[in-house]
Each structure stands twice: as C-alpha cells, then as structure tokens.
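A quick write-up on the structure given underneath.
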Amino acid sequence: MSTSDRLGRRRCLLAICAWPAGGMAQAPERIKIAAASNLKFVLADLMAQYRQQTGVEVDVNLGASGNLARQILQGLPVAQFISADEDRVAELVTAGRTVDGGQRYAQGRLALIVPQNSALPLTQGVAALVRAMKPGDKFAIANPALAPYGLAAQQVLQRTGAGPLGGQQLVLGENIGQATQFVATGAAQAGITALALAQAPEMAARLRFEAIAPALHAPLHQRMVLLQGASAAARAWHRYVLSPQARDIFVRHGYGLPQ
2 MSTSDRLGRR
12 RCLLAICAWP
22 AGGMAQAPER
32 IKIAAASNLK
42 FVLADLMAQY
52 RQQTGVEVDV
62 NLGASGNLAR
72 QILQGLPVAQ
82 FISADEDRVA
92 ELVTAGRTVD
102 GGQRYAQGRL
112 ALIVPQNSAL
122 PLTQGVAALV
132 RAMKPGDKFA
142 IANPALAPYG
152 LAAQQVLQRT
162 GAGPLGGQQL
172 VLGENIGQAT
182 QFVATGAAQA
192 GITALALAQA
202 PEMAARLRFE
212 AIAPALHAPL
222 HQRMVLLQGA
232 SAAARAWHRY
242 VLSPQARDIF
252 VRHGYGLPQ
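When we follow the numbering used here, the leftmost residue of the sequence shown carries the number 2, and every step to the right adds one.
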C-alpha cells in the first residue's frame with residue numbers, strides 16, 4: 002500500500018470515529034406556537050434571546066386569540082398557545098386539547114394612538130379625542146368578538162362616554178395588529194391598541210400614544226398553555242417564557258406582571 006493510500010485510509014477512519022453516535026447529528030427542533038398579535042414585538046425579543054441561549058428556533062403564527070383557538074380546535078399543528086386572555090385557553094382545556102389549565106404570564110395594557118402628525122388632542126383622553134374627530138374620521142379597534150384587546154377597547158369607549166361611535170366611524174381590525182396598522186398608515190385617524198405595540202421602537206416614527214388607565218377596562222389576564230403532544234423542547238421553551246428573565250422582557254415592553 003502506498004503512502005498516499007495509507008494517509009487516505011487514516012483520514013477515513015478518523016472521520017468515522019468523529020461521527021456522532023447513532024448517525025448524522027440532528028438539527029435542533031423547531032418549535033411551532035400560536036400567539037396573540039399583541040405579542041409581536043415582545044416575542045421577537047424572547048425568541049432571539051432563546052435562540053442565542055439554546056440554538057432552538059421558534060416559529061410563531063400570530064393572530065386574534067379567538068381565531069387561533071378555533072384553528073387549534075380544527076387541527077392547527079402547534080405545541081403552545083399564548084393567548085391575550087384566559088377564556089380562549091379555557092375553551093381548549095374544556096375540549097381536552099391541553100396538558101393542563103395553563104399559566105398566566107402577563108397583564109395586558111392599552112394605549113390610545115394617533116398618527117405621528119395628528120392634531121387630535123391625544124393627551125386629553127379618549128372622550129375628548131373622540132369629540133374632536135370630524136364626522137368622516139375613523140377610529141380603529143380590534144374586533145371585540147375575536148380579540149380580547151378589542152373587547153377591552155370597547156369597554157374603554159363605553160366607560161369614558163366616547164361610544165358608541167356614530168355612522169361608519171368605528172372600524173374593526175381582524176386582530177390588534179391590523180387595528181394598529183389602520184392608524185399607523187392613516188387609514189384611521191385614531192384608535193386603541195396594545196401598549197406593547199404602541200411603544201415599540203418600530204412604531205415611533207408613525208404613531209403617538211397615551212397609555213390608558215387599567216381601571217377603564219376589565220383586567221387583561223393573559224394566559225398560555227401547552228397543547229397535547231408537546232415535545233420536551235416545547236416544554237423547555239414554555240418554562241423559559243415563565244422565567245424571571247422573560248418576565249423582565251415583558252415588563253420592558255409595557256406589560257404588567259401576572260396577577
């Protein structure tokens with residue numbers, strides 16, 4: 002056997018010895034979850050930190066909590082549901098789709114928003130702003146039938162004496178993200194959204210906002226739950242979202258601590 006043949010055989014043997022036991026190394030599992038649209042920016046930060054710490058990727062399907070719960074009941078293949086309320090989680094628990102009753106992870110908050118160049122009296126509160134709107138102006142909220150933040154916004158309008166809005170003034174987004182976009186793009190002249198969306202740096206050039214007092218609506222207890230068949234990787238991610246370091250990120254994005 003020539004010297005080059007012996008070297009080649011040695012390289013082959015070294016490569017075989019270095020191969021992981023059991024065959025090729027497996028890529029980290031990608032975790033699929035469903036989450037309420039108000040979580041868009043906080044989840045981006047949470048997923049980035051988790052990926053940095055573990056190498057695990059999380060794929061999220063954002064939408065209105067009501068729509069997501071219905072899709073999960075119809076077979077949407079996700080391991081976790083992070084809702085904007087507790088009622089939608091309860092629906093899945095009752096249907097036997099979850100591993101337990103879930104956990105509260107944050108307290109949601111609302112904000113009154115207008116486009117950056119708006120002359121409406123933002124700081125004077127919801128009622129004063131609505132009174133200052135012109136007859137053709139639009140006020141955007143998420144659909145109360147689908148989105149917990151939309152239901153809370155409806156309560157704010159009622160409790161402040163600002164609603165119901167007349168004619169075609171009230172426009173409904175399919176979820177809180179869409180309602181926010183209506184205002185950010187100027188399709189609506191004002192609206193109510195999640196504080197976490199309103200204060201995101203990505204919205205700073207497009208929106209101005211004023212936080213709404215929590216007393217003006219029912220508490221937005223946000224709950225999440227693991228679904229039947231959730232893998233060990235999904236359970237580890239679930240524990241991370243409940244961890245103190247994740248809670249700090251929620252607070253930084255404008256959420257209250259779970260109560």
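By construction, the Cβ of each residue, glycine as well, lies at the ideal position given by its N, Cα and C atoms. No experiment lies behind these values; they were computed from the predicted model shown.
Have a look at the options and flag the residue whose alpha-carbon is nearest the alpha-carbon of residue i.
i, options, result
"residue 77", "62, 88 and 190", "62"
"residue 101", "226, 230, 255 and 258", "226"
"residue 195", "113, 86 and 56", "113"
"residue 160", "147, 218, 172 and 87", "218"
"residue 145", "45, 257, 134 and 176", "176"
"residue 154", "257, 90 and 191", "191"
"residue 134", "108, 167, 48 and 107", "167"
"residue 182", "140, 87, 259 and 43", "140"
"residue 60", "36, 67 and 66", "36"
"residue 79", "138, 259, 247 and 239", "239"
"residue 66", "89, 57, 50 and 46", "89"
"residue 259", "92, 232 and 220", "220"
"residue 158", "136, 193, 178 and 125", "193"
"residue 142", "165, 172, 131 and 164", "172"
"residue 45", "201, 245, 95 and 205", "201"
"residue 96", "136, 71 and 32", "71"
Need the endpoints of the alpha helix (DSSP H) that residue i sits in, please.
i, result
"residue 246", "245–253"
"residue 184", "177–185"
"residue 93", "88–95"
"residue 163", "Taken as a continuous stretch (DSSP letters only), residue 163 belongs to no alpha helix (DSSP H), as it is neither H nor E."
"residue 256", "Note, residue 256: premise wrong, no alpha helix (DSSP H); not H, not E."
Considering only DSSP beta bridges, list what residue i is partnered with.
i, result
"residue 62", "35"
"residue 40", "Partner(s): none; residue 40 has no beta bridge."
"residue 121", "None, per the DSSP bridge assignment."
"residue 131", "DSSP lists no partner for residue 131."
"residue 141", "172 and 192"
Specify, as a first and last residue, the run of the beta strand (DSSP E) that residue i falls within.
i, result
"residue 204", "No beta strand (DSSP E) contains residue 204, which DSSP labels as neither H nor E."
"residue 125", "First-last for residue 125: undefined, no H or E at that position."
"residue 211", "208–212"
"residue 79", "Looking at the DSSP string, residue 79 is not in any beta strand (DSSP E), and its letter there is neither H nor E."
"residue 148", "Premise fails: residue 148 is in no beta strand (DSSP E) and is neither H nor E."
"residue 115", "111–116"
Kindly give me the distance between the Cβ atoms of residue i and residue j, rounded to whole angstroms, as I take these residues to be in contact under 8 Å.
i, j, result
"residue 180", "residue 174", "3 Å"
"residue 211", "residue 123", "5 Å"
"residue 81", "residue 228", "7 Å"
"residue 208", "residue 116", "7 Å"
"residue 213", "residue 43", "Contact flag wrong, Cβ pair sits at about 18 Å."
"residue 234", "residue 30", "4 Å"
"residue 162", "residue 128", "5 Å"
Is the beta carbon of residue i sitting closer than 8 Å to the one on residue j?
i, j, result
"residue 110", "residue 230", "no"
"residue 224", "residue 87", "yes"
"residue 105", "residue 222", "yes"
"residue 85", "residue 149", "yes"
"residue 83", "residue 147", "no"
"residue 138", "residue 169", "no"
"residue 242", "residue 47", "yes"
"residue 98", "residue 69", "no"
"residue 64", "residue 38", "yes"
Counting only C-beta atoms, is residue i closer than 8 Å to chain C at any point?
i, result
"residue 163", "Within the model displayed, chain C is absent; a lone protein chain is all it includes."
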